[in-house]
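> Shown below is the structure under consideration.
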Amino acid sequence: MSRFLETALALAILATPAVASEKLGIGRPALPEEVAAWDIDVRPDGQGLPEGRGDVMTGEPLYIDNCAICHGDFGEAIGRWPVLSGGQGTLTRDDPNKTIGSYWPYLSTVFDYVRRAMPFGNAESLSDDEVYAITAYLLYLNDLVDDDFELSRENFTEVRLPNEENFFMDDRDTVELPALTREPCMENCKDSVEITARAAVIDVTPEDTAAREQRAEGAAQAEVAAAPVEPAPEPEPAVSEEMLAAGEKAFRACRACHKVGEGAKNGTGPVLNGVVGHPAGMVEGFKYSKAMKKQADGGLVWTPEQLDAFIADPRGFLKGTRMAYGGMKDDDQRAALIAYLATFSED
Amino acid sequence: MTKNGKELEMTDRNGASRRDFLRAGLAGGAAALATGTVARAAGPDPAITEQQPWRTMLGEGVDARPYGAPSQYEAHVVRRNVEWLTADPISSVNFTPLHELEGIITPNGLCFERHHGGIAEIDPAKHRLMINGLVDTPLVFTMADLMRFPRENRVYFLECAANSGMEWRGAQLNGCQYTHGMIHNLVYTGIPLKYLLDEAGVRTNGKWILPEGGDAAGMTRSIPIEKAMEDCLVAFKMNGEALRPEQGYPLRLVVPGWEGNMWVKWLRRIEVGDEPWHHREETSKYTDLLAGGKARRFTWVMDAKSVITNPSPQAPITHGRGPAVLSGVAWSGRGTIPRVDVTIDGGKNWYQARMDGPSFDKSMHRFYFEFDWDGSPLLLQSRAHDSTGYVQPTKDELRAFRGYESIYHNNGIQTWYVNEKGEAENVEVS
Numbered sequence: 001m002s003r004f005l006e007t008a009l010a011l012a013i014l015a016t017p018a019v020a021s022e023k024l025g026i027g028r029p030a031l032p033e034e035v036a037a038w039d040i041d042v043r044p045d046g047q048g049l050p051e052g053r054g055d056v057m058t059g060e061p062l063y064i065d066n067c068a069i070c071h072g073d074f075g076e077a078i079g080r081w082p083v084l085s086g087g088q089g090t091l092t093r094d095d096p097n098k099t100i101g102s103y104w105p106y107l108s109t110v111f112d113y114v115r116r117a118m119p120f121g122n123a124e125s126l127s128d129d130e131v132y133a134i135t136a137y138l139l140y141l142n143d144l145v146d147d148d149f150e151l152s153r154e155n156f157t158e159v160r161l162p163n164e165e166n167f168f169m170d171d172r173d174t175v176e177l178p179a180l181t182r183e184p185c186m187e188n189c190k191d192s193v194e195i196t197a198r199a200a201v202i203d204v205t206p207e208d209t210a211a212r213e214q215r216a217e218g219a220a221q222a223e224v225a226a227a228p229v230e231p232a233p234e235p236e237p238a239v240s241e242e243m244l245a246a247g248e249k250a251f252r253a254c255r256a257c258h259k260v261g262e263g264a265k266n267g268t269g270p271v272l273n274g275v276v277g278h279p280a281g282m283v284e285g286f287k288y289s290k291a292m293k294k295q296a297d298g299g300l301v302w303t304p305e306q307l308d309a310f311i312a313d314p315r316g317f318l319k320g321t322r323m324a325y326g327g328m329k330d331d332d333q334r335a336a337l338i339a340y341l342a343t344f345s346e347d
Numbered sequence: 348m349t350k351n352g353k354e355l356e357m358t359d360r361n362g363a364s365r366r367d368f369l370r371a372g373l374a375g376g377a378a379a380l381a382t383g384t385v386a387r388a389a390g391p392d393p394a395i396t397e398q399q400p401w402r403t404m405l406g407e408g409v410d411a412r413p414y415g416a417p418s419q420y421e422a423h424v425v426r427r428n429v430e431w432l433t434a435d436p437i438s439s440v441n442f443t444p445l446h447e448l449e450g451i452i453t454p455n456g457l458c459f460e461r462h463h464g465g466i467a468e469i470d471p472a473k474h475r476l477m478i479n480g481l482v483d484t485p486l487v488f489t490m491a492d493l494m495r496f497p498r499e500n501r502v503y504f505l506e507c508a509a510n511s512g513m514e515w516r517g518a519q520l521n522g523c524q525y526t527h528g529m530i531h532n533l534v535y536t537g538i539p540l541k542y543l544l545d546e547a548g549v550r551t552n553g554k555w556i557l558p559e560g561g562d563a564a565g566m567t568r569s570i571p572i573e574k575a576m577e578d579c580l581v582a583f584k585m586n587g588e589a590l591r592p593e594q595g596y597p598l599r600l601v602v603p604g605w606e607g608n609m610w611v612k613w614l615r616r617i618e619v620g621d622e623p624w625h626h627r628e629e630t631s632k633y634t635d636l637l638a639g640g641k642a643r644r645f646t647w648v649m650d651a652k653s654v655i656t657n658p659s660p661q662a663p664i665t666h667g668r669g670p671a672v673l674s675g676v677a678w679s680g681r682g683t684i685p686r687v688d689v690t691i692d693g694g695k696n697w698y699q700a701r702m703d704g705p706s707f708d709k710s711m712h713r714f715y716f717e718f719d720w721d722g723s724p725l726l727l728q729s730r731a732h733d734s735t736g737y738v739q740p741t742k743d744e745l746r747a748f749r750g751y752e753s754i755y756h757n758n759g760i761q762t763w764y765v766n767e768k769g770e771a772e773n774v775e776v777s
């Protein structure tokens, strides 16, 4: 082959558009350690289960420490967090109670989800044995095993959940589509029309009036926005804006459970407005752990120093606290967080 | 209900032609004169006779708004949350203000949000996409790697399977933002997922994929390989700019026509397997419990659906009787929307709405119905027809199939009651 032809061919190859099925050689092979770090999913047939074991008795304190604050001591749930237990026999009733025991088809789903996403805001903080133990405890809460039960990789797939057989593949194509593929009536389709339900009677729409007023007062608001803002009170000189920004960022670790600022309410954890310098365990309407109540009775005050020690290692500082948080290890991050919290007063 | 109002000639039963539209424009003018709704000025309008500040003062320069924002007079046009729906705002949802939007494209800042572990703020330099499982070579891509694959631009709606889920038992929320606002419609730029899977080489026993998010919830869903190869995208742009953090920056999966929960945000891994995984979001959630206690699973496709966005409870008629514009949106996970019917009398008589704007597969469509309101109460409904011939059912038709407890996939026909004052309310009718 002549040099000219060779060059022409090479050019032709370079200019050939990529065909979908042709490999482009982009990316690199994933290392086994990398796949192991991310591939933690588990299937009903047991594929993906790690080595390990845990029993109901071990699971109970783990559940109380890590899960009960949202899901309740017996899986009955606090507020609108998911209910985990009970509900058997309710699927055909109004307002069915869909729990692990009454609805979920596979136990592997519990293990996978707890391992990948729980505790809420602290994913992958539990050891594999701890996930086995909590899963065993959830089976116990649903009356599916006795209190001496131990769950392990070996016996995992022997456990079947009661509702497994009641799921079936989407059948809309055969059940609904034939009936709904039609030429509908266009004229004189009904003799009379009556209103049978009204949203205004139920009245659960949020901020509806506010939104309407807002629209009406658009112009007025714009004037307010343009008016000079009242001078802000002198900021604490020792705290830089950078530090407060860092504190706000650090607060992300807390905000799933704790609220601050105007209109903040107790959630999974107590509202934190005014917490710095305040006696511990005193937020109205919040149900504290026995351990925290005891400390409050003993006169614990959340000075920056005490808060710092608590946030660094909650369970080391206060054994029995309900705060399901592993601790903020970085000193600067904690200092910034406490400075940020100090900007919220009790009012 | 007696006579509710008379439709203009423009929207005849066979659909409006351009000539019809022009004719109706004339007819509309005549109707307005006849019913006396043309305003007569009581005196000179100060908006005209007085100088406005934006006329007498110079405005801000080009450096004032390096990333633009809407006018201050549009501050009420925002996503809104329904506080009582969820335990807290981290694992929660807010709603697109459909009543304030026109056309078919949702602005990026108004696209509803649904997170299960809050918004992940990912540094793209530290983001990786891994493909593993039943492939010849498990691969890792950086964002820079992905930019070297051929990319495509496509318009798709994303609807949460729970959109209208609060309405199964009856009319509950007053506003299409709340009843239908778990939807947005965007131009995505992305890499066909097939290219990435081919790069890793899917083995013959690879029948399912498991996309996984890199956020605090580690969202996962099982998707059959046929869908993955057919039209899924790994998207990095929305409406031309980078995905917003709340929409999955820097990468999200696009699963056209299928329920929004499957469009995994903050996409970091795709595993190929021979069986589905039956994870939490496809067992405990996103399965449809029917009246007899059995539940449908893998209900992926979004059925054809429509809603009138104006008038609606958050967007009442404020101009009184005379020419009025009804505006709405329709979509289907099975194709396009060639036709929407509209009624103003609760379903006694229907008229074909005027479809307007571009029509893309599995995208939102816009429809209009111009009518002459005589000031009497209205019962407004819209009914979508998709390109397969499927026609949007009434809520009672759906309940006959599914009961009241299935939460997801409520595509029943919505009714707005408009009173003499033009105020609208969410109702159901016989």
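Taken in order, these protein sequences are the chains called Z and B.
Going letter by letter, the first sequence gives residues 1 to 347 in this note's numbering.
Going letter by letter, the second sequence gives residues 348 to 777 in this note's numbering.
Built from N, CA and C at the ideal position, the CB exists for glycine as well.
1. Round the Cβ separation of T157/Z and D45/Z to the nearest angstrom and send it over; I've been treating them as touching at under 8 Å.
2. Just to confirm the assignment, what range does the alpha helix (DSSP H) spanning Y137/Z have?
3. Check whether the Cβ atoms of I466/B and N586/B lie closer than 8 Å to each other.
4. Kindly say whether Y764/B, judged by its beta-carbon, lies nearer than 8 Å to any beta-carbon of chain Z.
5. Between the segment 534-548 of chain B and the segment 574-592 of chain B, do at least 3 Cβ pairs fall closer than 8 Å?
6. How about F111/Z: is its Cβ closer than 7 Å to a heavy atom in the ligand MN?
7. Taking all protein chains shown into account, do 16 or more other C-beta atoms lie within 10 angstroms of the C-beta of L31/Z, making it buried, or fewer, making it exposed?
8. What separation, rounded to the nearest whole angstrom, lies between the Cα atoms of I40/Z and R701/B?
9. So what does F504/B bridge to, in DSSP terms?
10. Taking only beta-carbon atoms, is H474/B less than 8 Å away from chain Z?
11. Whole angstroms are fine: how far does the CA of R686/B sit from the CA of G704/B?
12. Mind checking which residues open and close the alpha helix (DSSP H) that includes D743/B?
13. Run the CB neighbour count on K98/Z, radius 10 Å, all protein chains shown included, and call it buried at 16 or more, exposed below.
14. So, at 7 Å on beta carbons, what are the nonlocal neighbours of G326/Z in its own chain, with the 5 sequence-adjacent residues on each side left out?
15. With DSSP collapsed to three states, give me the class of F442/B.
16. Beta-carbon of G281/Z versus every beta-carbon of chain B: anything under 8 Å?
17. Are the segment 486-499 of chain B and the segment 436-455 of chain B touching by the rule of at least three beta carbon pairs closer than 8 Å?
18. With a CB to CB cut of under 7 Å and the five nearest residues on each side skipped, what residues in its chain are close to R215/Z?
19. Can you tell which of M529/B, S631/B, P400/B has its C-alpha closest to the C-alpha of Q594/B?
20. Looking only at DSSP bridge pairs, what is H732/B linked to?
21. I'd like to know whether the C-beta atoms of L342/B and P29/Z end up nearer to each other than 8 Å.
22. Tell me the rounded alpha-carbon separation between S319/B and P436/B.
23. Which of the three DSSP states, helix, strand or coil, is assigned to M702/B?
24. Would you call the CB atoms of A508/B and N428/B closer than 8 Å?
25. I want to know whether the segment 709-725 of chain B touches the segment 743-755 of chain B - three or more CB-CB distances under 8 Å.
26. If you follow the beta strand (DSSP E) that V56/Z is part of, which residue opens it and which one closes it?
27. So with Cβ pairs under 8 Å, would you call Q761/B a contact of chain Z?
28. What span of residues does the alpha helix (DSSP H) with T526/B cover, start to end?
29. Which class does G537/B belong to by DSSP, given the choice of helix, strand or coil?
30. Just to confirm, is the Cβ distance from D65/Z to A133/Z under 8 Å?
31. Can you list, in chain order, the stretches of the alpha helix (DSSP H) that have 4 or more residues and sit fully within the segment 410-495 of chain B?
32. Return the residues of the segment 677-696 of chain B that lie within a Cβ-Cβ distance of less than 8 Å from chain Z, sorted by chain order.
33. Identify whether S653/B lies in helix, strand or coil by the three-state DSSP scheme.
34. How would you label F459/B, buried or exposed, when you count the other beta carbons within 10 angstroms and need 16 or more for buried?
35. Quick check on I760/B: does DSSP put it in helix, strand or coil?
36. Would you kindly check if the distance between the Cβ of R568/B and the Cβ of E628/B is under 8 Å?
In terms of the structure at hand:
1. The C-beta distance from T157/Z to D45/Z rounds to 7 Å, short enough to meet the 8 Å contact threshold.
2. In the DSSP annotation of this structure, the continuous segment of the alpha helix (DSSP H) that includes Y137/Z starts and ends at 128-141.
3. In this structure, the beta-carbon distance from I466/B to N586/B does not fall below 8 Å.
4. Output row for Y764/B: interface = yes.
5. Short answer: they touch.
6. Summarising the ligand content, the structure contains no ligands, and the ligand MN is consequently not present.
7. Label assigned to L31/Z: exposed.
8. A straight-line Cα-Cα distance of about 51 Å links I40/Z and R701/B.
9. BP columns for F504/B point to N532/B.
10. No, no contact with chain Z.
11. Between the alpha carbons of G704/B and R686/B lies a gap of roughly 13 Å.
12. Counting along the chain, the unbroken alpha helix (DSSP H) around D743/B starts and ends at 742-749.
13. The residue is buried, with at least 16 neighbouring Cβ atoms inside 10 Å.
14. Closer than 7 Å at the Cβ level, and outside the excluded window around G326/Z, lie N122, S125.
15. F442/B falls in the strand class under three-state DSSP.
16. No, because no Cβ of chain B sits closer than 8 Å to the Cβ of G281/Z.
17. Contact between the segment 486-499 of chain B and the segment 436-455 of chain B is absent, because fewer than three Cβ pairs lie under 8 Å.
18. Interpretation of R215/Z is limited by its pLDDT of 49, a score under 50 that renders its predicted location unreliable; the figure taken from the coordinates is listed afterwards. Excluding residues up to 5 positions away in sequence, nothing lies with its Cβ nearer than 7 Å to the Cβ of R215/Z in the same chain.
19. With distances taken between Cα atoms, Q594/B lies closest to M529/B.
20. Looking at the DSSP assignment, H732/B forms a beta bridge with R686/B, V738/B.
21. The displayed coordinates of chain B run from 348 to 777. Any statement about residue 342/B would go beyond what the structure contains.
22. One cannot answer for residue 319/B here, as it falls past the ends of chain B, which runs 348 to 777.
23. In the structure shown, M702/B sits in a strand (DSSP, three-state: E or B).
24. The Cβ atoms of A508/B and N428/B do not sit closer than 8 Å to each other.
25. Result no; under three Cβ-Cβ pairs closer than 8 Å.
26. No beta strand (DSSP E) contains V56/Z, which is instead part of the alpha helix (DSSP H) from 56-66.
27. Closer than 8 Å: no.
28. 523-527 is the span of the alpha helix (DSSP H), which, as asked, contains T526/B.
29. Strand.
30. Their beta carbons are not under 8 Å apart, which means D65/Z does not touch A133/Z by this criterion.
31. Those alpha helix (DSSP H) runs which fall completely within the segment 410-495 of chain B and span 4+ residues are 490-493.
32. Answer set for the segment 677-696 of chain B: D688, D692, G693, G694, K695, N696.
33. Assigned with DSSP and collapsed to three states, S653/B falls in strand.
34. Per the 10 Å Cβ criterion, buried.
35. Three-state DSSP puts I760/B in coil, outside helix and strand.
36. In this structure, E628/B lies near R568/B, with their beta-carbon atoms less than 8 Å apart.
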